[in-house]
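Colleague: According to our numbering, the sequence shown holds residues 117 to 327 in order. Quick reminder that beta carbons are idealized off the backbone N, C-alpha and C, glycines included. I am attaching a structure below and will ask some questions about it afterwards.
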Amino acid sequence: MYLDFSGYWSTEYDPDYYLTIASAGYMISPIKRWSALIEYSRFIYTDTGPDVVIPYTNNIGITNFFNFKPLVLRLDYYFYFGEKQAHRIMPGLGLNMEKRKWHGMDRVLFYPSMNILFGSEVITEYFPFATTRLGVLYRIRNGLPLYYTKDKTVFGDMNYSFSAPVSITLKNWNFLVSYIYNIPKALPGEELGLTNSGFLSATVTRYIGFR
Numbered sequence: 117m118y119l120d121f122s123g124y125w126s127t128e129y130d131p132d133y134y135l136t137i138a139s140a141g142y143m144i145s146p147i148k149r150w151s152a153l154i155e156y157s158r159f160i161y162t163d164t165g166p167d168v169v170i171p172y173t174n175n176i177g178i179t180n181f182f183n184f185k186p187l188v189l190r191l192d193y194y195f196y197f198g199e200k201q202a203h204r205i206m207p208g209l210g211l212n213m214e215k216r217k218w219h220g221m222d223r224v225l226f227y228p229s230m231n232i233l234f235g236s237e238v239i240t241e242y243f244p245f246a247t248t249r250l251g252v253l254y255r256i257r258n259g260l261p262l263y264y265t266k267d268k269t270v271f272g273d274m275n276y277s278f279s280a281p282v283s284i285t286l287k288n289w290n291f292l293v294s295y296i297y298n299i300p301k302a303l304p305g306e307e308l309g310l311t312n313s314g315f316l317s318a319t320v321t322r323y324i325g326f327r
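See the structure below:
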């Protein structure tokens with residue numbers, strides 16, 4: 117069992133410290149090649165003003181790992197809820213290439229992976245009241261709306277991601293460098309302003325043991 121609190125800071129947001137995630141989970145490994153992680157998370161945003169829309173503030177889900185060395189199959193399912201509800205399913209495929217006691221390092225691990233994110237979202241569609249020129253002119257002259265809207269839940273692929281992480285363990289220290297490339301996809305009827313992007317991240321971890 118575990119508890120986790122993570123904070124997110126970025127100069128692209130205002131305020132810079134924009135999100136805290138509190139999580140509680142349970143990890144199990146019922147059989148040799150299968151391990152699972154069951155988790156609940158609460159998203160606490162710093163900016164909660166009247167003009168800020170936060171559709172999802174909670175999620176609960178399960179992550180499954182199937183190990184067939186060096187191949188790793190992954191399958192995630194998460195249910196997001198708050199003002200709205202949504203489902204997320206992410207299958208993935210990865211490789212674990214490990215070297216122990218190599219050039220003074222306790223462990224070196226390279227584990228590239230690719231994942232596809234599927235999900236549901238509520239899309240607002242616009243439909244014209246009039247389909248002819250005379251009908252449009254009539255509505256304009258009388259100050260009538262030209263369109264009406266309908267909300268529809270759609271499901272499909274939302275993102276393709278490719279990652280190439282390298283992890284180095286030296287005694288109680290771990291150094292992780294990872295490059296991730298994302299290809300976002302618009303759902304049917306969705307207007308998506310995101311473009312393909314990649315980023316490099318680095319993490320340093322110090323493990324402290326207690327007896």
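(1) Could you pull out every residue in the same chain whose Cβ sits closer than 7 Å to the Cβ of Y161, ignoring the five residues on either side in sequence?
(2) For G251, report the span of its alpha helix (DSSP H) as first-last.
(3) Going by beta-carbon coordinates alone, are F197 and H203 separated by less than 8 Å?
(4) Just the C-alpha distance for M206 and M274, rounded to the nearest angstrom, thanks.
(5) Spell out the partners DSSP gives I300 in its beta bridges.
(6) Between R249 and chain D, is any beta-carbon pair separated by less than 8 Å?
(7) Can you tell me which of T179, A140 and F184 puts its alpha carbon nearest to the alpha carbon of K148?
(8) Which residue marks the beginning of the beta strand (DSSP E) containing N180, and which one marks its end?
(9) Does the distance from the CB of D192 to the CB of L286 come in under 8 Å?
(10) Can you look up I154 in the DSSP assignment and give me helix, strand or coil?
(11) Check whether the Cβ atoms of S313 and S279 lie closer than 8 Å to each other.
Modeller: According to the data block:
(1) As a working note, residue 161 is residue 45 in the sequence shown. Taken in chain order, the residues that qualify are Y134, L135 and I170.
(2) Counting from 1 along the sequence shown, the entry for residue 251 is found at position 135. Looking at the DSSP string, the run of the alpha helix (DSSP H) that includes G251 is R249 to R257.
(3) Taking the first residue of the sequence shown as position 1, residue 197 is located at position 81. Taking the first residue of the sequence shown as position 1, residue 203 is located at position 87. Going by C-beta atoms, F197 is not nearer than 8 Å to H203.
(4) For this step, residue 206 is matched to residue 90 along the sequence shown. For this step, residue 274 is matched to residue 158 along the sequence shown. When rounded, the distance between both Cα atoms is 10 Å.
(5) Position 184 of the sequence shown holds residue 300. Per the sequence shown, the amino acid found at residue 300 is Pro instead of Ile. DSSP, once it has assigned bridges, lists N275 as partnering P300.
(6) Looking for chain D here will not work: only one protein chain is present.
(7) Locating residue 148 in the sequence shown gives position 32, where the first residue counts as 1. Of T179, A140 and F184, the residue nearest in Cα terms is F184.
(8) Position 64 of the sequence shown holds residue 180. Looking at the DSSP string, the run of the beta strand (DSSP E) that includes N180 is Y172 to F184.
(9) Taking the sequence shown and counting its residues from 1, one reaches residue 192 at position 76. Taking the sequence shown and counting its residues from 1, one reaches residue 286 at position 170. Result no, Cβ atoms of D192 and L286 do not sit closer than 8 Å.
(10) Taking the sequence shown and counting its residues from 1, the one referred to as residue 154 is at position 38. If DSSP states are grouped into helix, strand and coil, I154 belongs with the strands.
(11) For this step, residue 313 is matched to residue 197 along the sequence shown. For this step, residue 279 is matched to residue 163 along the sequence shown. No; because the gap between Cβ atoms is not below 8 Å, this pair is not in contact.
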